[in-house]
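There are 2 protein chains.
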Amino acid sequence: MKRKPLILLTNDDSIKAPGLRFLIDIVKPFGKVVVVAPDRPQSGTAHAVTVNHPLRLHQIVKEKDYEEYSCNGTPADCVKLAFKVVLKRRADFLFSGINHGTNSSINIIYSGTMAAVFEGALAGVSSAGFSLADYRPEADFSSSAPYVKKIISEVIRQKLPVGVCLNVNIPAIPEKKIRGIKVCRQAEGTWQEDFVERTDPHGKQYYWMTGVFIKTGHGKDTDEWALEHDFVAVVPVQFDFTAYDAIDPVSSWFS
Amino acid sequence: MKRKPLILLTNDDSIKAPGLRFLIDIVKPFGKVVVVAPDRPQSGTAHAVTVNHPLRLHQIVKEKDYEEYSCNGTPADCVKLAFKVVLKRRADFLFSGINHGTNSSINIIYSGTMAAVFEGALAGVSSAGFSLADYRPEADFSSSAPYVKKIISEVIRQKLPVGVCLNVNIPAIPEKKIRGIKVCRQAEGTWQEDFVERTDPHGKQYYWMTGVFIKTGHGKDTDEWALEHDFVAVVPVQFDFTAYDAIDPVSSWFS
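Chains as they are written, first to last, in this note's numbering: chain X, 1092 to 1346; chain W, 1092 to 1346.
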């Protein structure tokens, strides 16, 4: 009999986030599930790792085919600690999320959810991250269920190409309005920050970072277009950041 | 008369790091220089941004063509705050470093130095990050000077293609041993973590993350090969993480 796949789950909204609880329920039937997730929200931590503070791991559940741990580190820390300390054998799959809020376009660069996915892929584990286009704690994940299930079952059945992981973004609309799954590229976009200046009771200035996301390109082949048009957007992503087209022109500067 | 270029400098080792002081001296002759750097070391913060805490900015120097500020945030915070709050006009160039320790291969993903560079490029500013292959605070940057100068002068003269920035890594060897500049791709590599387990005085376990970097591919066209063979490695990098080659195979899963 084939061994059940070993599946690691994590997120960046913390072990208590409804999006992770929803993902746990979806993934459990697929194999032995181990959750290692941050003990507090870690949104915007990107790929930060903790080397100058000790990491703590707290076991919450230990059943035959289901274990749950919280960790005081970042999502990348959680994955590294899971691989080396928690799991008894190599994970077969890693799924991260479901994030409260999209990680489409350039938001991937700031995303703890996707940093965990990159960590999985770097370790040679087929990995995917899921995000719902609703930032609120009370976001309704129910309509995403059939799509998350479909994508997870395909990842498990087909495996991902080496060095490739998936960034999945799901529109926050009723299930019957979702038009399907679209595999696409990362849209161009950037954040237009605004800093709100305040003065503290001691007379010193400080700043709160706020901002709006600006789409600078959202052609039909992009994740932003897919979300705007009620599709689940799946972007295959890689961690080779080389701009190959720029190698020759930049080389010519130094020849 | 042409206006002097406005150049933003930052790093992730903090405003006091010798590598940044060295870069400041190199860059000053090229234009009006503004430094906005973290007030404490931020290595390994990657692209983290601070939205749930207020940011503070502290002016250290204000001269006609040179200003210096420290900030309590991450390198990405420093750049965002510089662009929106500190600079009176759009920066022409951003340079980050010189980092104490390499950011070659996959280390770019954990790098605050390179997160700052990505922030510059995202804002349409020609940006490059510099790292020396010596982690020690007392690292000797002197042999890097002619190469850093050459690369900066070419970036200023030629400008970078849109959406592309540079990741420059410099071997820590005497100047006469450096064989030149090599434009290359990001080598394959990964960290093999090890967690040292300890018990605190209250009987609870904790873990220190350590690890070694494993090169899994370092062909002649990679930054790791260049460094091993005494070249300054220049990798043009981009922030479109789409794995284009995987779009068709993954699409076939859902058709």
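Built from N, CA and C at the ideal position, the CB exists for glycine as well.
Here the structure is a predicted model, which means the values were calculated and not measured.
Quick one: grab the DSSP three-state call for residue i.
i, result
"X:Pro1265", "coil"
"W:Cys1275", "coil"
"X:Pro1145", "coil"
"W:Lys1153", "strand"
"X:Gly1122", "coil"
"X:Asp1104", "coil"
"W:Asn1260", "strand"
"X:Leu1097", "strand"
"W:Val1176", "helix"
"W:Arg1112", "helix"
"W:Asn1163", "coil"
"X:Arg1289", "strand"
"X:Asn1198", "helix"
"W:Val1255", "strand"
"W:Gln1249", "helix"
"X:Ser1187", "strand"
"W:Pro1340", "helix"
"X:Val1127", "strand"
So with CB distances below 7 Å, who are the chain W contacts of residue i?
i, result
"X:Ser1344", "The sequence given here has Trp at residue 1344 of chain X, not Ser. What X:Trp1344 touches in chain W: Glu1245, Gln1249."
"X:Gly1135", "Ala1139, Val1140, Val1142"
Of all the CB atoms in chain X, is at least one closer than 8 Å to the CB of residue i?
i, result
"W:Lys1175", "yes"
"W:Lys1311", "no"
"W:Val1326", "yes"
"W:Leu1199", "It should be pointed out that residue 1199 of chain W corresponds to Ile in this sequence rather than to Leu. Interface residue, yes."
Could you name the residues of chain W that residue i contacts, counting a contact when the two beta carbons are closer than 9 Å?
i, result
"X:Gln1277", "Phe1330, Asp1331, Phe1332, Thr1333"
I want to see whether chain W comes within less than 8 Å of residue i, judged by CB atoms only; does it?
i, result
"X:Thr1290", "no"
"X:His1138", "yes"
"X:Asp1104", "no"
"X:Phe1184", "no"
"X:Phe1286", "yes"
"X:Ile1117", "no"
"X:Cys1209", "Note on residue identity: the sequence assigns Phe, not Cys, to residue 1209 of chain X. With 8 Å as the cut-off, X:Phe1209 counts as an interface residue toward chain W."
Mind checking residue i: buried by the 16 CB within 10 Å criterion, or exposed?
i, result
"X:Gly1192", "buried"
"X:His1293", "exposed"
"W:Glu1245", "buried"
"W:Glu1229", "exposed"
"W:Ser1233", "exposed"
"X:Tyr1335", "exposed"
"W:Arg1276", "buried"
"X:Gln1249", "exposed"
"W:Gly1215", "exposed"
"X:Glu1266", "exposed"
"W:Lys1179", "exposed"
"X:Gln1133", "buried"
"X:Glu1154", "exposed"
"X:His1144", "exposed"
"W:His1320", "exposed"
"W:Ile1151", "exposed"
"X:Gly1308", "exposed"
"X:Tyr1226", "exposed"
"W:Gln1329", "buried"
"W:Glu1284", "buried"
"X:Val1253", "exposed"
"X:Ile1305", "exposed"
"W:Gly1164", "buried"
Using a Cβ cut-off of 8 Å, pull out every chain W residue sitting near residue i, in sequence order please.
i, result
"X:Ala1317", "Those within 8 Å of X:Ala1317 in chain W number zero; the least Cβ separation is about 12 Å."
"X:Tyr1298", "Pro1145, Leu1146, Arg1147, Leu1148, Leu1172, Val1176"
"X:Thr1281", "Leu1213, Ala1214"
"X:Tyr1226", "Residues of chain W passing the Cβ test: none, with the nearest at roughly 12 Å."
"X:Pro1120", "Neighbours of X:Pro1120 on chain W: none; closest Cβ ~19 Å, over 8 Å."
"X:Ala1337", "Leu1251, Pro1252, Val1255, Pro1327, Gln1329"
Interface residues of chain X around residue i at Cβ under 7 Å?
i, result
"W:Ile1272", "Phe1345"
Residue i versus chain X: which residues are under 8 Å apart at the beta carbon?
i, result
"W:Pro1340", "Pro1252"
Practice prompt. Can you check the stretch 1293–1331 of chain W for any beta strand (DSSP E) of at least 3 residues that lies completely inside it and give the ranges in chain order?
Written response: You should have 1296–1308, 1323–1329.
Please specify which runs of the alpha helix (DSSP H), each continuous and at least 4 residues long, are wholly inside the stretch 1203–1238 of chain X, giving them in chain order. Considered as a whole, the stretch 1203–1238 of chain X harbours 1203–1213 as its complete alpha helix (DSSP H) runs of no fewer than 4 residues, in chain order.
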